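Residue numbers (this note's numbering), protein chains in the order written: chain A, 1 to 272; chain B, 1001 to 1628. Working notes for the structure below.
Written as structure tokens, this is what we have:
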């Protein structure tokens, strides 16, 4: 370490070996399976199959639902992050903790909770019928999946936004106000731009898992609604077609890379 | 001033709403854990029963122990590797550093499903024995980046001069590192480790793909349970986890508040606190490891085992215990949801299980792909003596010469309906297309059964491979899908018992069971005909415990055992001796359990359709599922 290249190389080599075997090689295998057929011959068919109506539909639906969820998460989390960041005194540590706490519950239990609430004979309908109000039928619809996504991933949006906002120096805000900016201007030209890194990491942390989930859509959608994650999962666990599953995974990775590039560009713009 | 106040009120309301949104669901789970009624909509009185049941459920405790052990070991290993690497990075040149950080970012940014699948492919191709160690490797792999990204920023702020000074003063590198760098690094290392631990405990997707047979963490266990129908024990488990997490977080929060002024504490007190902290951590870790050894059996791999892969809810659990006791063989018991899921698992790793219980057409497929082990019926005295010869005769249809399979149960597929909620007599599959029952219909989430319904309704063969007929059936199923509440397998019975739906496609055995719980339910085999099936035990070709598998199969054919299983799951038993021993007259003569010949004449068995036929069906099924 510290300028001793030899020691450093020795120290980092176990991880390098590990990363090569368990990160790089497995990804290479997805690429291999995605680009070959049963006989091992090279083909683009697995990737091209994304154009099949049922695959395309699943992908578009997944994109739609995950975008909606990301926007809802952002709209809910940003004001909350501001409120949490503003109350810098007192027991705000505890309060912040409370908003992040559900993240520590098992993710499937969190989804299960909403299943229980939304079922046709579930808690919410039980309460509604006791009050003689019309019942809701949300379970097994895309709306239920969005609720499941928002609920599961909201803490992942709150945390980075809160962190970014809490880091903003109060003096910067005061300076803007002293220089004559009104509240709205201060927000638009100071607070918001300074919180962009937090927003970006929040968006990534919500969008990617939402886009690729299969558990939430299975549980909240009653196996009626297939997202791209379900299609890929079923190629491996049901149809036993590793090639097709890998090919579709490669397509999915394109969206992950797009997301990465957008983040990187915005971040660079920020630092300019 | 006034404005500020109203602003505050608004803020409080807003925070309150989000707070309710986040905690109301958790609170309902906790409340339900004390509800003595199994129904979620009704309050049946206060009970601790589910907690007692939870603590006697060794499978859930096992899964909990596995989760903790995996998380703990993965965190420790990842923290060590991650910290050492991060420290080393400082000494490397820019380029190498960029490459390492790039690779490290991959599991963080990549979707879990891709990471999980990529590791699964690696383990399968290398013929790794999937289970505890593959899950551990996967967790270490995705944990290292969290540690590195947490330690990295802190490492960058540490100036080498103090360390170099220590070296100049004669300290050996390790000592100098421990005394100068490590203390500064410690908080970042701890927070990285905490992050890794959290991720590890919460992970579902990566574990799901890398776990293999007979191994579950809490996440995968819950996923299975949910698919099977939610048991209130799971509510009890959620309540406990929530309380523990809440307690831990408040404790850590208090500790953090104390830590703010460490300089004001006198040295000894600080040291005492440190020692106590370390001791507490050590005790906690020891407790976790002990728990794991107690329940997980991770380190005590017995050689005398048998890996059984059976359909869901398809055995009396007591039978498993009896087998273990009588033969001293440990049973690793897993359940599959459909024949297709079973096939994908066994095709990927034939040795994953020793003994399977697939249906007729799937056995034919397994035989054709050379995945089964040829048996000699002479080695199964119980099967020879007590299983009706007519069932072996029927089995010849998919297993010519009876070379692979021993019949376990048989039955039909039909409609289960709630007679208080249906107006007309149910005699046709068409009722499942009646818009009156929109949202009240449960279809089987199993390819062949779903298509059987549509094919039979149109008067086609249930084994059709005619693309035109499949197309018509597909269109029918697509037209039906808006009316369907959900596609489920084992959940049909819970939902029908709980009046969650009016009509459901179900296997005959569930009919007797559900009728016991809800007398309004009635089972019918529609006039257009249906499927009659046989499920049979087979041994995998590469099974590691073939002798134990044989013992298992013959044990299932013992009349008392066959009777126990029959009374528990109420499917039609091919065991003649057990049939005669059924005490309940109604059941012994039940037309559901033992349908008369004229009903069976309407029913067909499934035939394996070949690779192309399979593709035809699975592509069509995808179209149905993505229709709405």
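For each residue, glycine too, the CB sits at the ideal point set by N, CA and C. Predicted model, so just to flag it, every value in this text is computed and none were measured.
Helix, strand or coil at residue i [DSSP, three-state]
{"i": "residue 1519/B", "result": "coil"}
{"i": "residue 1491/B", "result": "helix"}
{"i": "residue 1013/B", "result": "helix"}
{"i": "residue 1058/B", "result": "helix"}
{"i": "residue 1105/B", "result": "helix"}
{"i": "residue 1443/B", "result": "strand"}
{"i": "residue 1417/B", "result": "strand"}
{"i": "residue 1594/B", "result": "coil"}
{"i": "residue 1464/B", "result": "coil"}
{"i": "residue 1503/B", "result": "strand"}
{"i": "residue 31/A", "result": "helix"}
{"i": "residue 274/A", "result": "There is simply no residue 274/A to check, as chain A begins at 1 and stops at 272 in what is shown."}
{"i": "residue 1572/B", "result": "strand"}
{"i": "residue 1565/B", "result": "helix"}
{"i": "residue 215/A", "result": "helix"}
Per-residue contacts from residue i into chain B (C-beta, under 7 Å)
{"i": "residue 183/A", "result": "Those within 7 Å of residue 183/A in chain B number zero; the least Cβ separation is about 11 Å."}
Per-residue contacts from residue i into chain B (C-beta, under 8 Å)
{"i": "residue 80/A", "result": "1014, 1015, 1018"}
{"i": "residue 223/A", "result": "1445, 1486, 1487, 1488, 1625"}
{"i": "residue 131/A", "result": "By Cβ distance, chain B contributes nothing, its closest Cβ being about 14 Å from residue 131/A, past 8 Å."}
{"i": "residue 117/A", "result": "1024, 1025, 1028"}
{"i": "residue 102/A", "result": "1022, 1023, 1026"}
Within-7 Å CB hit, residue i to chain B
{"i": "residue 48/A", "result": "no"}
{"i": "residue 195/A", "result": "no"}
{"i": "residue 26/A", "result": "yes"}
{"i": "residue 113/A", "result": "yes"}
{"i": "residue 188/A", "result": "no"}
{"i": "residue 284/A", "result": "Any property of residue 284/A remains undetermined from this structure, which presents chain A solely from 1 to 272."}
{"i": "residue 235/A", "result": "no"}
{"i": "residue 4/A", "result": "yes"}
{"i": "residue 239/A", "result": "yes"}
{"i": "residue 162/A", "result": "no"}
{"i": "residue 205/A", "result": "no"}
{"i": "residue 12/A", "result": "yes"}
{"i": "residue 199/A", "result": "no"}
Cβ of residue i within 7 Å of any chain A Cβ
{"i": "residue 1436/B", "result": "no"}
{"i": "residue 1084/B", "result": "yes"}
{"i": "residue 1117/B", "result": "yes"}
{"i": "residue 1347/B", "result": "yes"}
{"i": "residue 1028/B", "result": "yes"}
{"i": "residue 1223/B", "result": "yes"}
{"i": "residue 1299/B", "result": "Only weak support exists for where residue 1299/B lies, its pLDDT of 46 falling under 50; the coordinates are left without a value."}
{"i": "residue 1245/B", "result": "yes"}
Counterpart residues of residue i in DSSP-defined beta bridges
{"i": "residue 256/A", "result": "Answer is none; residue 256/A lacks a bridge partner."}
{"i": "residue 1407/B", "result": "1536/B"}
{"i": "residue 1603/B", "result": "1530/B"}
{"i": "residue 1235/B", "result": "Residue 1235/B is not bridged to any residue."}
{"i": "residue 1486/B", "result": "1442/B"}
{"i": "residue 1524/B", "result": "1415/B"}
{"i": "residue 42/A", "result": "36/A"}
{"i": "residue 1046/B", "result": "1035/B"}
Amino acids of chain A, ordered along the chain, whose beta-carbon sits closer than 9 Å to that of residue i
{"i": "residue 1439/B", "result": "120, 137, 140"}
{"i": "residue 991/B", "result": "No answer is possible for residue 991/B: the residues shown for chain B start at 1001 and end at 1628."}
{"i": "residue 1622/B", "result": "52, 54, 55, 58, 226, 231, 234, 239"}
Under 7 Å from the C-beta of residue i: neighbouring residues of chain A
{"i": "residue 1521/B", "result": "Per Cβ cutoff of 7 Å: no residues; residue 1521/B is ~15 Å from chain A at best."}
{"i": "residue 1202/B", "result": "106, 107"}
{"i": "residue 1418/B", "result": "In chain order: nothing, as chain A lies at least about 13 Å away."}
{"i": "residue 1463/B", "result": "Going along chain A, no residue has its Cβ under 7 Å from residue 1463/B, so there is no contact; the nearest lies around 19 Å."}
{"i": "residue 1211/B", "result": "Those within 7 Å of residue 1211/B in chain A number zero; the least Cβ separation is about 12 Å."}
{"i": "residue 1088/B", "result": "1, 8, 11, 12"}
Beta-carbon neighbours of residue i, restricted to chain B and to distances below 9 Å
{"i": "residue 149/A", "result": "Result: empty, since nearest Cβ-Cβ is about 13 Å, beyond 9 Å."}
Cross-chain neighbours of residue i in chain A, by beta carbon under 8 Å
{"i": "residue 1367/B", "result": "Chain A residues near residue 1367/B: none, gap ~16 Å exceeds 8 Å."}
{"i": "residue 1483/B", "result": "Going along chain A, no residue has its Cβ under 8 Å from residue 1483/B, so there is no contact; the nearest lies around 11 Å."}
Task: Uninterrupted alpha helix (DSSP H) stretches inside the segment 1297-1354 of chain B (no shorter than 4 residues) - done: With a minimum length of 4 residues, the continuous alpha helix (DSSP H) runs that stay inside the segment 1297-1354 of chain B are 1317-1327, 1339-1348.
- [ ] Run through the segment 66-126 of chain A for me and flag every whole alpha helix (DSSP H) of 4 or more residues, listed as ranges in chain order.
- [x] List check, alpha helix (DSSP H) in window: 92-100, 107-118.
Open item on the list: My parser needs the alpha helix (DSSP H) runs of 4 or more residues fully inside the segment 1194-1224 of chain B; what are they?
Closed with: Uninterrupted alpha helix (DSSP H) stretches at least 4 residues long and entirely within the segment 1194-1224 of chain B occur at 1205-1210, given in chain order.
Open item on the list: Quick check for students: name the residue ranges of the alpha helix (DSSP H) that lie wholly in the segment 1351-1394 of chain B, counting only runs of 4 or more.
Closed with: Whole alpha helix (DSSP H) segments, 4+ residues: 1360-1368, 1381-1386.
Task: Continuous alpha helix (DSSP H) assignments of at least 4 residues falling wholly in the segment 1114-1185 of chain B - done: Restricted to the segment 1114-1185 of chain B, the alpha helix (DSSP H) segments that are unbroken, complete and at least 4 residues in length are 1132-1157, 1160-1168, 1173-1176, listed in chain order.
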